[in-house]
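Residues are numbered in my numbering as their position in the sequence shown, beginning at 1, plus a constant of 85.
The structure appears below as C-alpha cells.
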Amino acid sequence: MDDLQVLILAAGKSTRMKSKYAKVLHRVGGRTLIEHLVRAARNVTNDISIVIGHSGDAVRAVVPDVKFIEQKEQLGTGHAVLVARENFLGYSGNVLVMPGDVPLISSQTLSSFVRFHREGGFQASVLTADLENPAAYGRIVRQKNDEVLSIVEQRDATPEILKIHEINSGVYIFRAAPLFESLSKIRNENAQREYYLTDVIGILAAQKQKVGASKAQLAEEVLGINTRAELAAVDRIMRRQTCERLMEAGVTIIDPGSTYIDADVEIAPDTVIYPAVQIYGPTVIGEDVTIHSFSRITNSKIGARTTVLEGCVVNNSSVGEDVSLGPFSHLRFDVTVGDKAKIGNFVELKKTDLGAGSKSQHLAYLGDATIGKDVNIGAGVITCNYDGFKKHPTVIEDGAFVGTDSQLIAPVRIGKDAYVAAGSSITDDVPPESLAIARGRQVVKDGWVKQKRKK
Ligand code: UD1
Ligand code: CA
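Shown next, in the form of C-alpha cells:
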C-alpha cells in the first residue's frame, strides 16, 4: 500500500516506569515493546519511521530496516510528529501514527482501521475503545453525526468529560498535508506544558474536516503501558493468549496461569506442560513431550516423546527424541543430545555432544566433550576441560564405559568400547577395547588398630 506510511513515537523516557531505559525497550511476551509495534506495522506497510530520543542507539539496535528520526527534547506527542516532518516532505498519502507502548495491537485491527479510514473518506481517523475504567487516557468527544469533535486529556478534562468511557488509543491515521499544516498551530497551554498530537484532531474538526473514530473490537488490544504494573498486566494477557493458542493447537497446559511461554515458541500436539514451567525464545518442542514443573527452556529444541523432569535448565541446546532429562539437569551453550539418551540428577553439559543411547545419570560435568553412542558415564565423572588458561576437548568414542568418580584430564580420548576403572584420573589416551586404571593401589594393614591402642 504505497499511500500509507507508519510513524511510531518512541522517544519518551519512562518517567512513570522509573527506569533509566527507554520505555519501548522494556519487554512483554519475550520481546521489547518496539519490536511488537514494528511487527504489527509490517503487516500494513514496510515504510516505517520511528521517532527516537531516550536510549536512541539501543532502540536502533533492536529494530532493523526502519527509518529513524531523532527528537532531542521530548516536548510532547505533537512535537514528536512535527520533528518527523522532514521524512514526509512531498508525501501526500496517509500517515498511520502509533505510540510505542501499545504492544497488544494486532495486525488485523490495524488493517481494518486502515480500511475504515479509506472507506469513510476521512482526513483523520482515531482508533478508540470503550474502557470500563478509562483512567488516564484521553477522552473522545463525538459530534452529533458521530464524527470526532476533539480529544481531551484526562488532566485537562472537566468532570463532564471524565464521564466519557470512549478513550483515545493513541493510534491515528492522518492525511499528511492537513496533519503537518495543523501541527504548526498547536500550543502547549495545558496541564503538562506539552505539545499534544491530540490537539490536531480538534483543529481539523473545527475546520469542518471529516474526523472519524473506529472502536477496536477487543478493547484490551489498545492498552498502553505507562507503569511497571501495566507492564505486568499486559505480559499476563500475552501469556494467556499464547497458552490459549497452544491449547487450541492440541497442547495440554495444566495451569496456564503459572506457565510462561514466549510468543515465538512452537509446541506440537499431545505435549503436556506441568505448572510453573518457563519456555522462552524461538524454542521448538515436538509431540508427546512431557515437561515437568520448575524447568526453564530457552532457545532450544526438544524432540518428540522426550521427558523433562523437574528443575531442568536448558539453554541454546538441541535434545533428541525419547530422551529422559532430569530432575535437575543443566544443559547450556550449544549442547546436542542424541535420541534415547538419559541425563539425570545434577548433570551439567556445556558445549558437548552426547550420542544416541548414551547415559549420564548422576552428578557429572561434561564440558567441551564429544561423546559417541551408547556410552556409559558413571556417577561423579568430570571432564577437566580447563587448565586455568585454555579449554581443552575430551573425546569418548562409541560404547565406552567411564567408571564412577573418574576425572578425564583434557585433552584426552577414550577409545571405542574401552573401560575406565572407577576412581581413575585419566591423563593419557585410552586405546579402543582396553581397560585403563589410574589410581593408587589399596594397602591393607592387618591389626593396625590393635597396635595403635597399645601405644
Ligand atoms: C497519549 C495520548 C492520550 C492517549 C494515550 C494512549 C497525547 C497528548 N495523549 O497519552 O490521549 O489516550 O496516549 O496510550 O498524545 N513520545 C515521544 N516524544 C514525546 C512524547 C511522547 O516520542 O515528546 C512517545 C512516547 O515514547 C510514547 C508515545 O509517544 O511511546 C505516547 O506518549 P505517552 O507519554 O505515553 O502518552 P500518554 O500520556 O499515554
Ligand atoms: Ca502511553
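Glycine included, C-beta positions come from ideal geometry on N, C-alpha and C.
All of these numbers come straight from a predicted model, not from anything done at the bench.
Classification of residue i by the beta-carbon crowding that lies within 10 angstroms, buried from 16 upward
i: TYR504; result: buried
i: THR243; result: exposed
i: PHE198; result: buried
i: ASN253; result: buried
i: PHE474; result: exposed
i: GLU171; result: exposed
i: GLY525; result: exposed
i: LYS436; result: buried
i: ARG224; result: buried
i: PHE418; result: exposed
i: ILE358; result: buried
i: GLN208; result: buried
i: GLY532; result: exposed
i: GLN156; result: buried
i: SER235; result: buried
i: LYS628; result: Only positions 86 to 540 of the chain appear in this structure, which leaves residue 628 out of reach.
i: GLN541; result: Because residue 541 is not part of the residues shown, which for the chain are 86 to 540, the question remains open.
Cβ-heavy atom distance, residue i to ligand 2, below 7 angstroms
i: GLY287; result: no
i: ASN311; result: yes
i: ASP472; result: no
i: GLY613; result: Residue 613 is absent from the structure shown; the chain starts at 86 and stops at 540.
i: GLY255; result: yes
i: PRO219; result: no
i: PRO188; result: no
i: PRO341; result: no
i: PRO354; result: no
i: PRO412; result: no
i: PRO184; result: yes
Ligand 1 heavy atom lying under 7 angstroms from the CB of residue i
i: GLY161; result: yes
i: HIS543; result: This structure leaves residue 543 out entirely; the chain is present only between 86 and 540.
i: TYR222; result: yes
i: ASN273; result: no
i: GLU351; result: no
i: LEU71; result: The displayed coordinates of the chain run from 86 to 540. Any statement about residue 71 would go beyond what the structure contains.
i: LYS152; result: no
i: GLY457; result: no
i: HIS202; result: no
i: ALA298; result: no
i: TYR281; result: yes
i: LYS270; result: no
i: GLY97; result: yes
i: GLU238; result: yes
i: LYS108; result: yes
i: LEU448; result: no
i: ALA276; result: no
i: HIS164; result: yes
i: LEU181; result: no
i: LEU94; result: yes
Cα-Cα separation between residue i and residue j, rounded to whole angstroms
i: PHE265; j: ILE190; result: 25 angstroms
i: GLY488; j: ALA126; result: 58 angstroms
i: PRO263; j: PRO360; result: 54 angstroms
i: ASP186; j: LEU122; result: 8 angstroms
i: ILE249; j: HIS111; result: 31 angstroms
i: ALA464; j: ILE456; result: 16 angstroms
i: MET86; j: LEU92; result: Low confidence applies to MET86: its pLDDT is 46, below 50, so where it sits in the model is not reliable, and the reading given next is rough at best. When rounded, the distance between both Cα atoms is 15 angstroms.
i: ARG325; j: PRO341; result: 7 angstroms
i: THR479; j: LYS425; result: 22 angstroms
i: SER196; j: ILE286; result: 21 angstroms
i: VAL180; j: ASP132; result: 10 angstroms
i: ILE462; j: GLN446; result: 8 angstroms
i: PHE153; j: SER269; result: 21 angstroms
i: MET183; j: GLU305; result: 16 angstroms
i: ARG390; j: VAL129; result: 40 angstroms
i: GLY97; j: TYR281; result: 13 angstroms
i: HIS202; j: LYS300; result: 12 angstroms
i: ARG330; j: GLY175; result: 44 angstroms
i: ASP231; j: GLY205; result: 12 angstroms
i: VAL528; j: GLU433; result: 34 angstroms
i: GLY442; j: PHE413; result: 20 angstroms
i: GLU351; j: GLY115; result: 14 angstroms
beta-carbon residue i near ligand 3 non-hydrogen atom, thresh 7 angstroms
i: GLU306; result: The model on display carries ligand 1 and ligand 2 but not ligand 3.
Any chain E beta carbon closer than 8 angstroms to residue i
i: ASP424; result: Structure shown: chain E not included; a single protein chain is present.
Check your understanding: Can you list the beta strand (DSSP E) stretches of 3 or more residues lying completely in the region 217-301, in chain order?
Key -> Within the region 217-301, the runs of beta strand (DSSP E) that reach at least 3 residues and sit entirely inside it are, in chain order, 224-227, 233-237, 251-260 and 296-300.
Practice item. Only counting runs of 3 or more residues, tell me where the beta strand (DSSP E) segments fall wholly within the region 313-394, in order along the chain. Key: Every beta strand (DSSP E) of 3 residues or more that sits fully in the region 313-394 is shown, in chain order, as 363-365 and 381-383.
Practice item. With a floor of 3 residues, list each beta strand (DSSP E) that falls wholly inside the region 153-221, ordered by position along the chain. Key: Fully enclosed beta strand (DSSP E) runs of 3 or longer: 179-184 and 209-215.
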